[in-house]
Amino acid sequence: MFTGIVEELGTVTAIEEQSDAVRLTVEGVVTIDAALGDSIAVNGCCLTVADLDKLDQQRGSFTADVMKMTLDKTSLGALAVGHRVNLERACTPQTRLGGHIVQGHVDTTGAIVSRTPGEHWELVEIELPEPIRRYVVLHGSITVDGVSLTVAELKDETFVVSLIPETLARTTLGFKQPGDPVNLEADIIAKHVERLIK
1 MFTGIVEELG
11 TVTAIEEQSD
21 AVRLTVEGVV
31 TIDAALGDSI
41 AVNGCCLTVA
51 DLDKLDQQRG
61 SFTADVMKMT
71 LDKTSLGALA
81 VGHRVNLERA
91 CTPQTRLGGH
101 IVQGHVDTTG
111 AIVSRTPGEH
121 WELVEIELPE
131 PIRRYVVLHG
141 SITVDGVSLT
151 VAELKDETFV
161 VSLIPETLAR
171 TTLGFKQPGD
181 PVNLEADIIA
191 KHVERLIK
């Protein structure tokens with residue numbers, strides 16, 4: 001489980017193509033205390049550490065196997081060496097839940113529709129694909145590329161989030177442009193309630 005509070009921007013350092021998967025290697029500080037089998041969210045997608053390489057006392061890299069289903073359902077298939085990615089380690093029982101409950105199980109992808117800068121913030125409009133529309137509510141939580149955000153405005157086919165300078169500086173949402181894909185995860189509580197009611 002994750003909280004949607006991105007710890008750092010990591011860098012994709014290698015992508016090894018396989019017949020039905022890729023081995024993705026990412027460099028970042030979050031690897032310093034990582035172990036084989038740990039979960040790390042990459043742009044909001046929960047991946048399992050399959051290999052580790054400590055580069056120095058401050059940084060390292062980890063490799064994860066990304067299967068075809070994940071590549072098809074998320075934006076990870078569009079990554080290239082040098083791309084920056086949002087990284088978050090799985091939370092512990094002592095972790096502050098600063099965002100909301102995030103599983104790292106991406107529901108679908110959407111694209112950035114528009115960016116409207118303000119003096120101290122920026123409004124970002126994002127596609128809201130039909131399969132998750134029923135789970136998204138005004139002022140509710142949604143995960144975009146692994147970032148826990150509040151829905152500031154809800155339209156028929158899009159939603160708007162308001163990004164503060166900290167989010168713009170520390171996540172991929174600071175530089176993604178209209179047309180760029182983002183991973184979307186709806187609130188798990190809404191999905192469970194729907195299932196129970198059925």
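Take 1 as the starting number for the sequence shown in full-length UniProt numbering and just add one per residue. Even glycine gets a Cβ: it sits at the ideal position worked out from N, Cα and C.
- DSSP places VAL193 inside the alpha helix (DSSP H), whose first and last residues are 188-197.
- Between the alpha carbons of GLU7 and GLY104 lies a distance of about 14 angstroms.
- Around the beta carbon of ALA78, a 10 Å sphere encloses fewer than 16 other beta carbons of the protein chains shown; the residue is thus reported as exposed.
- Counting every other CB atom within 10 Å of its CB across the protein chains shown gives VAL12 a total of 16 or more, marking it as buried.
- Restricted to the UniProt domain "Lumazine-binding" (101-197), the alpha helix (DSSP H) segments that are unbroken, complete and at least 4 residues in length are 130-133, 165-170 and 188-197, listed in chain order.
- In the three-state reduction of the DSSP assignment, THR70 falls in the helix class.
- Rounded to whole angstroms, GLY10 and MET67 show a C-alpha spacing of 21 angstroms.
- When beta bridges are read from the DSSP output, CYS45 appears opposite VAL42.
- When DSSP states are grouped into helix, strand and coil, GLY99 belongs to the coil group.
- Per DSSP, the beta-bridge partners of ARG84 are THR11.
- DSSP places ARG23 in the uninterrupted beta strand (DSSP E) bounded by 21-28.
- Between the region 121-132 and the region 18-35 there are fewer than three C-beta pairs closer than 8 angstroms, too few to call the two in contact.
- Contact check for ASP65 and ALA14: beta-carbon distance about 13 angstroms, past the 8 angstroms limit, so the pair fails to qualify.
- Taking the Cα positions, LEU47 is about 15 angstroms away from GLU185.
- Per DSSP, ASP51 is one residue of the beta strand (DSSP E) stretching across 51-54.
- Here ASP33 is exposed, its C-beta having fewer than 16 other C-beta atoms within 10 Å.
- The C-beta distance from PRO178 to SER114 rounds to 6 angstroms, short enough to meet the 8 angstroms contact threshold.
- Within the same chain, and ignoring the five residues on either side of ASP53 in sequence, the residues whose Cβ sits closer than 7 angstroms to its Cβ are GLY60 and SER61.
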